[in-house]
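Chemist:
There are 2 protein chains.
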Amino acid sequence: MVGDAVVAGDADIAPIAALMGEPARAAVLMALIDGRALAASTLAAEAGVAASTLSAHLARLVDGGLVSVEASGRNRYFRITRPEVADALEALARLAPCRPIRSLRQGTHAEAIRRARTCYDHLAGRLGVALLDALVAGNVLRVEEDPGGRPDPVLGAGRSQRYVLTKTGKARLGELGVDVETTARRPLTRYCLDWSEQRPHLAGALGNTLLSRFVDLGWVTRGERRVVQVTDAGRTGLARDLGVAAGDWA
Amino acid sequence: MVGDAVVAGDADIAPIAALMGEPARAAVLMALIDGRALAASTLAAEAGVAASTLSAHLARLVDGGLVSVEASGRNRYFRITRPEVADALEALARLAPCRPIRSLRQGTHAEAIRRARTCYDHLAGRLGVALLDALVAGNVLRVEEDPGGRPDPVLGAGRSQRYVLTKTGKARLGELGVDVETTARRPLTRYCLDWSEQRPHLAGALGNTLLSRFVDLGWVTRGERRVVQVTDAGRTGLARDLGVAAGDWA
DNA sequence: GTCACACTTCGGGATTGAGCGAAGTATCCT
DNA sequence: AGGATACTTCGCTCAATCCCGAAGTGTGAC
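Sequences listed follow chains C and D, in order. Per numbering that gives the first Met the number 0, the first sequence starts with residue 0, numbered consecutively. Per numbering that gives the first Met the number 0, the second sequence starts with residue 0, numbered consecutively.
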């Protein structure tokens with residue numbers, strides 16, 4: 000049975016585990032576990048090693064397929080490539096403090112963080128993805144190809160795309176109390192690939208503004224470790240005002 | 000919220016991952032992943048290193064809490080301590096061959112091996128545990144405390160227990176075509192802690208004889224990688240003749 | 001009692017790779 | 001254009017540890 004060739008017993012886990020078994024690299028991976036894309040310098044500070052040292056570590060992580068890079072100007076942003084990597088890291092983390100295991104709560108945490116979390120300063124997880132989908136479906140944002148433009152700082156896939164705010168979108172958000180003009184020197188819209196969903200969610204100034212507004216409206220509350228809870232008001236408000244059906248994320 | 004203190008982001012996975020990241024140790028762990036307890040010499044052959052080298056590796060695995068030891072005469076049997084360890088190993092294994100992922104089939108394999116597998120030469124997994132339960136419930140085996148007796152070679156938990164074949168049990172098994180007298184110089188009954196179930200299943204000569212008979216009867220077939228498939232005949236036969244309800248393991 | 005076997009401990013050799021700083025390349029800002 | 005920033009590459013040092021064979025300890029077999 001050829002199709003069944005790759006099973007647990009076969010695999011050579013040593014190289015992968017060794018990659019995760021070095022303190023600096025482990026620190027990097029745990030910093031990236033929630034799907035953020037972080038710059039090399041940020042990660043160096045997180046790991047507590049020199050930039051040159053971390054550069055070598057990152058090269059090995061990329062070479063091993065655990066982490067992927069996206070260059071943007073003079074920065075290079077690193078993120079975990081696939082959800083399976085995060086799964087393995089979490090399985091190890093569950094094992095690490097040999098005693099204090101609270102598997103039930105951890106199970107709920109793992110699920111909760113995939114459902115709705117913050118990514119930097121905006122929403123991610125199934126809720127983040129559903130939100131972007133709804134904004135596009137509701138003609139608040141329009142997708143544009145952006146072949147000539149420089150790649151989006153916090154990643155864009157192969158081709159670069161842009162999400163532009165429509166006039167109707169601006170009006171709709173205004174009704175919600177979202178002040179779209181407050182865009183300092185930061186791009187209004189960006190997108191960010193979600194590791195748990197493998198699809199983009201909304202980042203950029205608008206992503207941030209929306210999250211803030213949701214918090215102000217009492218629609219969501221920020222829990223521990225980037226988990227985001229959606230209130231009953233949020234559940235109905237998101238569906239009514241933005242077309243984000245609860246079935247798409249809850 | 001104190002109860003939620005231990006979550007993925009905190010843990011220091013580096014020492015654990017480093018333990019798994021050495022080829023010889025990884026080979027040991029993968030050899031033990033199905034819950035067997037293997038002797039040091041067996042593991043040395045498996046890992047392809049000298050006995051002295053492996054001894055040091057095993058000491059570190061035990062020290063790290065991944066593996067536990069049970070001495071028996073001049074042998075020392077090693078096994079994986081907790082199901083979480085096997086989970087982490089499987090998560091890594093799923094990651095190891097970076098390309099050829101067949102997550103669906105792997106998911107089914109992981110499930111299948113927990114449902115019914117071989118352990119040495121007897122049944123393990125949910126089926127193995129259900130079988131032992133049924134044998135005890137049906138008065139085929141009787142549990143006895145065995146405080147004075149030497150610990151069972153292939154582990155026994157803290158205290159040692161014995162499973163003794165009853166007269167009615169001997170008759171019942173005889174009807175099934177199981178020749179109980181064929182016990183050479185091997186203990187008739189032993190038990191073996193199942194990592195996926197954390198409960199004992201039947202090992203020893205009787206465990207082996209039963210598996211052989213099940214195969215002869217066409218009740219079970221041995222698949223790849225220690226997975227055991229139960230046929231329709233086996234499903235009904237196990238329930239009818241031994242009281243092993245399908246709901247307890249399927 | 002003696003031998004055989006299983007495993008551990010010890011000592012020494014060789015390899016790996018983690019670490020840093022300095023220099024090099026590319027990009028952004030003014 | 002010039003300088004600052006972000007990151008990589010290079011050269012080097014140093015510590016960790018992986019490995020083995022030989023000797024030591026304890027158990028089972030005859």
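Beta carbons: idealized from backbone N, C-alpha and C, even for Gly.
So that I know if they touch, is there some Cβ in chain C lying closer than 9 Å to that of P14(D)?
Modeler: So, interface residue.
Chemist: Leaving out five residues before and five after I32(D) in sequence, what residues of the same chain have Cβ atoms less than 6 Å from its Cβ?
Modeler: Cβ within range, chain order: A85 and L88.
Chemist: Could you check the C-alpha separation between L134(C) and L164(C) for me, to the nearest Å?
Modeler: Computed Cα separation, rounded: 9 Å.
Chemist: Could you confirm whether any beta carbon from chain D is found closer than 9 Å to the beta carbon of R198(C)?
Modeler: Taking Cβ atoms only, chain D never reaches closer than 9 Å to R198(C), which makes this a no.
Chemist: Kindly provide the ranges of any beta strand (DSSP E) runs that are 3 or more residues long and lie completely inside the stretch 56-133 of chain D, ordered along the chain.
Modeler: Entirely contained in the stretch 56-133 of chain D, the beta strand (DSSP E) runs reaching 3 residues are, in chain order, 66-71, 74-79, 116-118 and 121-123.
Chemist: Hey, how far is the Cα of G63(D) from the Cα of A16(C)?
Modeler: Cα-Cα distance, rounded: 15 Å.
Chemist: For L175(C), which residues in the same chain have their Cβ closer than 7 Å to its Cβ, ignoring the five residues on either side in sequence?
Modeler: So the qualifying residues of the chain are R212 and D240.
Chemist: Considering just the uninterrupted stretch of the beta strand (DSSP E) at L201(D), what are its terminal residues?
Modeler: Run containing L201(D): P199 to A202, per the beta strand (DSSP E) assignment.
Chemist: Relative to the C-alpha of G72(C), which candidate in A38(C), L201(C) and A111(C) has its C-alpha closest?
Modeler: Of the candidates A38(C), L201(C) and A111(C), the one whose C-alpha sits nearest the C-alpha of G72(C) is A38(C).
Chemist: Within the same chain, show all residues whose beta-carbon is closer than 6 Å to that of R114(C), passing over the 5 residues directly before and after it, in chain order.
Modeler: Only G124 and R125 meet the Cβ criterion.
Chemist: Measure the C-alpha to C-alpha separation of A50(D) and S40(D) and round it to an integer number of angstroms.
Modeler: Near 7 Å, if we compare the C-alpha coordinates of S40(D) and A50(D).
Chemist: Which of helix, strand or coil does DSSP assign to R212(C)?
Modeler: DSSP places R212(C) in helix when its eight states are reduced to three.
Chemist: For a test of your reading of the model: does the CB of G72(C) fall under 8 Å from any non-hydrogen atom of the ligand SAH? Yes or no.
Modeler: This structure lacks the ligand SAH, and indeed carries no ligand of any kind.
Chemist: Does the beta carbon of R158(C) sit closer than 9 Å to a beta carbon anywhere in chain D?
Modeler: Reliability fails at R158(C), whose pLDDT of 41 lies under 50, so the model's placement of it is uncertain and the value that follows must be treated cautiously. No, its Cβ sits nowhere closer than 9 Å to a Cβ of chain D.
Chemist: Would you kindly check if the distance between the Cβ of A23(D) and the Cβ of H56(D) is under 9 Å?
Modeler: In contact: H56(D) and A23(D) (Cβ atoms closer than 9 Å).
Chemist: Return the residue from the list D120(D), V66(D), V68(D) and R35(D) that minimises the CA-CA distance to V214(D).
Modeler: When each option's Cα is compared against that of V214(D), the closest is D120(D).
Chemist: So, does the CB of R24(D) fall closer than 9 Å to a CB anywhere in chain C?
Modeler: By this cut-off, R24(D) is an interface position.
Chemist: Could you tell me if L237(C) is buried or exposed, where buried requires 16 or more neighbouring beta carbons within 10 angstroms of its beta carbon?
Modeler: Counting Cβ neighbours within 10 Å, L237(C) comes out buried, since at least 16 surround it.
Chemist: Looking at the C-beta of G20(C), does it have a partner C-beta in chain D at a distance below 9 Å?
Modeler: Yes, G20(C) counts as interfacial toward chain D.
Chemist: Residues in its own chain within less than 7 Å of V177(C) by CB, not counting five upstream and five downstream?
Modeler: Answer for V177(C): T208, L209 and R212, listed in chain order.
Chemist: In the DSSP output, which residue or residues are listed as bridge partners for V163(C)?
Modeler: Looking at the DSSP assignment, V163(C) forms a beta bridge with R141(C).
Chemist: Would the beta-carbon of H200(D) fall within 9 Å of that of L140(D)?
Modeler: Taking 9 Å as the Cβ cut-off, H200(D) and L140(D) do not qualify as a contacting pair.
Chemist: Only counting the same chain, and skipping five residues up and downstream in sequence, which positions put a Cβ closer than 6 Å to that of P99(C)?
Modeler: With a pLDDT of only 39 at P99(C), under 50, the local geometry of the prediction cannot be trusted, and the value read off the model is given with reservation. Cβ within range, chain order: n/a, list empty.
Chemist: For R171(D) and L205(D), I'd like the C-alpha separation in whole angstroms.
Modeler: Roughly 13 Å separates the two Cα atoms.
Chemist: My guess is that Y76(C) and E83(C) are in contact by the Cβ rule of under 8 Å, so how many angstroms apart are they, rounded?
Modeler: That belief does not hold up - the Cβ atoms of Y76(C) and E83(C) are roughly 20 Å apart, past 8 Å.
Chemist: Could you tell me if E143(D) is buried or exposed, where buried requires 16 or more neighbouring beta carbons within 10 angstroms of its beta carbon?
Modeler: Classification for E143(D): exposed.
Chemist: Please confirm whether D86(C) has its beta-carbon closer than 9 Å to some beta-carbon of chain D.
Modeler: Yes, D86(C) counts as interfacial toward chain D.
Chemist: Within the 9 Å Cβ cut-off, does A55(C) reach chain D?
Modeler: Not an interface residue.
Chemist: Can you look up E45(D) in the DSSP assignment and give me helix, strand or coil?
Modeler: Three-state result, E45(D): helix.
Chemist: Does the beta-carbon distance from V179(C) to K169(C) come in below 9 Å?
Modeler: Contact: yes.
Chemist: Go ahead and pull the three-state DSSP assignment for A38(D).
Modeler: Reduced to three states, the DSSP call for A38(D) is strand.
Chemist: Taking Cβ positions, are L18(C) and I12(D) nearer each other than 9 Å?
Modeler: Cβ atoms of L18(C) and I12(D): not closer than 9 Å.
Chemist: Got a sec? Which residues, its chain only, sit under 7 Å from T80(D) by beta carbon, not counting five neighbours each side?
Modeler: The residues are G64, L65, V66 and S67.
Chemist: Distance cutoff 9 Å, beta carbons only. Does L28(D) sit that close to anything in chain C?
Modeler: Answer yes: the Cβ-Cβ gap between L28(D) and chain C drops below 9 Å somewhere.
Chemist: Assign E110(D) to buried or exposed, taking buried as 16 or more other Cβ atoms, counted over all protein chains shown, within 10 Å of its Cβ.
Modeler: So E110(D) counts as exposed.
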